[in-house]
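Chains U and H, in that order, give the protein sequences. Our numbering numbers the first residue of the first sequence as 1 and each following residue consecutively. Our numbering numbers the first residue of the second sequence as 1 and each following residue consecutively.
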Amino acid sequence: MSTITQNSVPAPTTRRPVRDEMIAFALMTIVLAVVPFTGVYPFFVMQGLCFALLACAFNLLIGYGGLLSFGHAMFLGTAGYVSAHALKVWELPPELGIVAGVVAAFGLSVITGLIAIRRQGIYFAMITLALSQLLYFIYLQAPFTHGEDGIQGIPQGKMFGIIDLQHTTTLYFVILIGFLIGFLIIYRAINSPFGEVLKAIRENEPRAISLGYKTDQYKLLAFILSGTLAGFAGALKVFVAQNASLTDVHWSMSGEIVLMTLVGGLGTIFGPVVGAFVIIAMQQYLAGFGQWVTVIQGVIFVACVLTFRRGIVGEIGHYFKRSL
Amino acid sequence: MQALLAQLLVGLINGSFYALLSLGLAVIFGMLNIINFAHGALYMMGAFCAYFLLNLFGIGYWWALILAPLIVGAFGMLMERTLLQWLSGLDHLYGLLLTFGVALIIQGLFQNYFGSSGLPYAIPDELRGGVNLGFMYLPIYRGWVVAFSLVVCLLTWYLIERTRLGANLRAATENPTLVRAFGINVPRMITLTYGLGVGLAALAGVLSAPINQVRPLMGADLIIVVFAVVVIGGMGSIMGSIITGFALGVIEGLTKYFYPEASNTVVFVLMVLVLLVKPSGLTGRAT
């Protein structure tokens with residue numbers, strides 16, 4: 001049986017294609033840094049950045065570890081709730097609010113990771129989905145989340161006491177820097193011995209075990225890293241949306257994360273970023289069509305799986321024989 | 001005491017839906033190696049099918065019980081032929097993703113035309129009312145649901161574990177190439193198996209229509225509980241799915257009586273406990 005990302009991995013190149021990735025990274029950074037000075041609605045791009053980081057974190061797990069988590073929304077939502085609570089009720093400054101959210105996502109990913117890596121493949125997907133639904137019901141009933149209402153009117157405050165996050169352009173660059181830090185951590189992880197072992201596990205786990213790797217530890221580590229960074233995205237998103245609600249924990253959000261990564265390209269470095277912006281843009285501009293958005297998302301899912309398994313970036317990379 | 005028994009009965013009814021759905025999932029997984037994420041949507045289509053049959057054609061519950069699984073099953077077979085068959089040989093996670101997409105399409109379409117609110121479906125005249133068992137009052141329809149789904153589950157088990165057709169089917173799961181060499185049409189068998197699994201989901205939908213309202217999202221949240229049931233039971237055996245389904249329904253019912261706050265989460269908590277003790281599931285084979 002072929003692995004899930006087999007179709008998205010471009011033909012092996014003789015030299016490591018670091019230069020292409022550097023150029024692409026520089027281009028991406030320039031484009032994103034120029035955005036606030038164009039006419040594009042900044043909150044749309046900020047939201048896109050949060051989801052892009054989330055999708056990249058998710059892609060670390062499936063694209064390089066071969067683990068399909070269908071419950072990644074739980075990290076987004078958990079970090080969001082904890083950050084929002086820390087900012088609003090405990091009145092912590094923004095930087096500590098983010099730390100609180102990230103720590104919560106870290107703790108959650110340790111616990112859920114230890115449970116979920118006991119099974120593989122579709123069972124892993126179903127377990128992560130069930131765990132996220134468990135959390136959904138807990139947050140629905142827990143008093144601090146305010147149930148259906150969510151936590152609203154979160155103060156943005158001043159980061160380190162000087163950076164005023166109420167100023168849109170300032171907030172934009174804080175979010176952008178957060179995204180770039182997360183992105184580089186993921187990039188570093190992929191291009192490290194750790195990343196190579198992960199890929200080996202994805203390709204053939206019994207072989208990796210026979211080579212002496214404790215594969216469960218590697219998978220758990222990938223899960224924790226992915227979950228924590230997904231939480232980081234959730235904590236940043238609190239500042240953009242200024243609320244934390246149940247939609248971020250619901251399992252349909254987990255499906256959207258999968259869709260973003262699939263559209264952009266599983267197992268590509270830049271794919272999830274492109275995919276996230278495509279899906280967010282689609283939801284933004286098709287919002288008037290009501291439930292048709294769900295139908296369109298379903299059609300994209302089906303089309304991607306049947307004909308377009310490499311995703312946008314994967315197809316481009318395949319065409320130019322480059323790894324992006 | 002009355003309330004406890006009532007919750008037990010509710011639990012048994014939910015358990016029969018869990019059993020029918022996880023049984024269908026197990027049958028499909030056995031043959032196609034696909035976790036059918038569209039199962040909840042197909043369950044919902046079964047309920048809507050009964051609703052349409054009654055309101056558009058005046059065809060009542062009893063015929064719907066036969067026709068809806070056939071219609072939705074045929075839809076499932078069409079789906080297998082047009083979409084799912086292209087995934088053979090690929091990682092089975094693609095099957096999960098594809099059926100998830102199909103579920104989104106079906107649910108989105110129904111939400112477009114019917115909103116999210118429920119449509120009523122009356123209990124058939126023959127099954128109205130209840131009987132007093134002395135220790136509790138049993139609404140006839142609820143008793144019927146439990147009994148009927150138990151019979152259907154056992155028939156399916158018999159079909160797969162005890163008949164020639166079932167033997168071929170199980171053989172084809174183990175080694176499709178060899179079974180093909182014996183002159184058995186494996187692709188057709190796969191299509192029919194998918195139809196059977198989908199039919200079971202649609203049947204559960206018809207059974208639930210008079211109890212729960214007919215809603216586009218009625219299957220969406222149920223399917224995740226069923227997934228947890230599948231993880232707890234493991235997909236190793238057909239009987240395992242049936243027993244786990246009913247047992248978890250009852251446990252859920254008991255929780256609703258003794259500690260209602262946990263009734264939504266008890267199945268998931270059990271899943272965690274089972275995974276910690278026996279990762280392969282209660283009846284599952286080790287992977």
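Yeah, the Cβ is synthetic: ideal placement off N, Cα and C, and Gly gets one too.
Integer Cβ distance of residue i from residue j, believed to fall under 8 Å
i	j	result
Q152/U	L171/U	In fact, because the Cβ distance is near 18 Å, the residues do not count as touching under 8 Å.
H39/H	I223/H	6 Å
T78/U	A105/U	6 Å
H92/H	I117/U	Actually they are not in contact, since the Cβ atoms of H92/H and I117/U sit about 18 Å apart, beyond 8 Å.
S301/H	V267/H	The question about residue 301/H has no answer, for chain H in this structure spans 1 to 287.
A19/H	S149/H	7 Å
N112/H	G290/U	7 Å
DSSP state of residue i mapped onto helix, strand, coil
i	result
G118/H	coil
K220/H	For the sequence presented, residue 220/H should be read as Ala rather than Lys. Reduced to three states, the DSSP call for A220/H is coil.
N204/U	coil
Q141/U	helix
Q111/H	helix
G95/H	helix
N55/H	helix
V274/H	helix
P260/H	helix
P42/U	helix
V9/U	With a pLDDT of 47 at V9/U, under the threshold of 50, the modelled position of that residue is not reliable, and the figure given next carries that caveat. It is coil, neither helix nor strand.
A209/H	coil
Q166/U	coil
Separation of residue j from residue i, as counted between CA atoms
i	j	result
F223/U	K278/H	21 Å
F48/H	G71/U	29 Å
L246/U	A303/U	29 Å
I13/H	P210/H	12 Å
A19/U	M260/U	The residue you asked about is not Ala; residue 19/U is Arg in the sequence shown. The alpha-carbon atoms of R19/U and M260/U are separated by roughly 26 Å.
A172/H	V27/H	12 Å
P216/H	V145/H	21 Å
L119/H	Q283/U	29 Å
V131/H	F110/H	37 Å
R188/U	G182/U	10 Å
I35/U	G271/U	Residue identity check: residue 35/U is Val in the sequence provided, not Ile. Distance between the alpha carbons of V35/U and G271/U: 20 Å.
I106/H	L236/U	34 Å
G30/H	R170/H	8 Å
I209/U	L68/U	20 Å
C153/H	G24/H	10 Å
T14/U	F124/U	Note on T14/U: pLDDT 43, under 50, position unreliable in the model; no value is reported.
G160/U	P93/U	For clarity, residue 160/U is Phe in the given sequence; the question names Gly instead. Approximately 7 Å between the Cα atoms of the pair.
K199/U	V99/U	30 Å
A142/U	M126/U	24 Å
L87/U	T168/U	18 Å
V250/H	L324/U	52 Å
Within chain U, the residues that residue i reaches when beta carbons sit closer than 7 Å
i	result
F100/H	G255, F301
A228/H	A130
P176/H	Those within 7 Å of P176/H in chain U number zero; the least Cβ separation is about 13 Å.
Selected residue, minimal CA-CA separation from residue i, among the options
i	options	result
E126/H	Y61/H, Y113/H, V250/H	Y61/H
L199/H	Q2/H, G76/H, I34/H, F48/H	Before going further, note that residue 199/H is Gly rather than Leu in the sequence given. Looking at the Cα atoms, G76/H is the closest of the given residues.
R119/U	F246/H, Y259/H, I232/H, M45/H	I232/H
A147/H	L98/H, A204/H, A103/H	A204/H
I297/U	Y121/H, R128/H, F100/H, L192/H	According to the sequence provided, residue 297/U is Gln. The question's Ile does not apply to it. Minimum Cα distance to Q297/U is reached at F100/H.
K158/U	V82/U, L211/U, P193/U, E95/U	E95/U
I111/U	I162/U, T228/U, L262/U, Y285/U	T228/U
Q47/U	V238/U, F58/U, E196/U, S109/U	V238/U
L220/U	F194/U, V313/U, L211/U	F194/U
I175/U	G65/U, L32/U, F320/U	L32/U
V82/U	L306/U, E315/U, Q242/U, V299/U	Q242/U
Chain-ordered chain U contacts of residue i [CB-CB under 8 Å]
i	result
L104/H	G255, T294, V295, Q297, G298, F301
L83/H	V302, L306
I190/H	None at all; the shortest Cβ gap to chain U is about 16 Å.
G112/H	Per the sequence presented here, residue 112/H reads as Asn, with Gly not at that position. Those are G290, Q291, W292, V295, listed as they occur along chain U.
Partner residues on chain H for residue i, Cβ-Cβ distance less than 8 Å
i	result
L262/U	L97
A125/U	I35, L93, L96
Neighbouring residues, chain H, relative to residue i (Cβ below 7 Å)
i	result
R118/U	L275, P279
F137/U	N264, T265
Q217/U	Going along chain H, no residue has its Cβ under 7 Å from Q217/U, so there is no contact; the nearest lies around 16 Å.
Q133/U	I224, F268
Q141/U	E261
Residue i: contacting residues in chain H (beta-carbon distance under 9 Å)
i	result
V258/U	L97, F100
G265/U	Simply none; closest approach about 14 Å.
I115/U	M271, V272, L275, L276
W251/U	A220, D221, I224
L220/U	Within chain H, no residue comes near L220/U; the closest Cβ sits about 14 Å away, beyond 9 Å.
9 Å Cβ cut-off: residues of chain U touching residue i
i	result
V231/H	R119, Y123, M126, I127, A130
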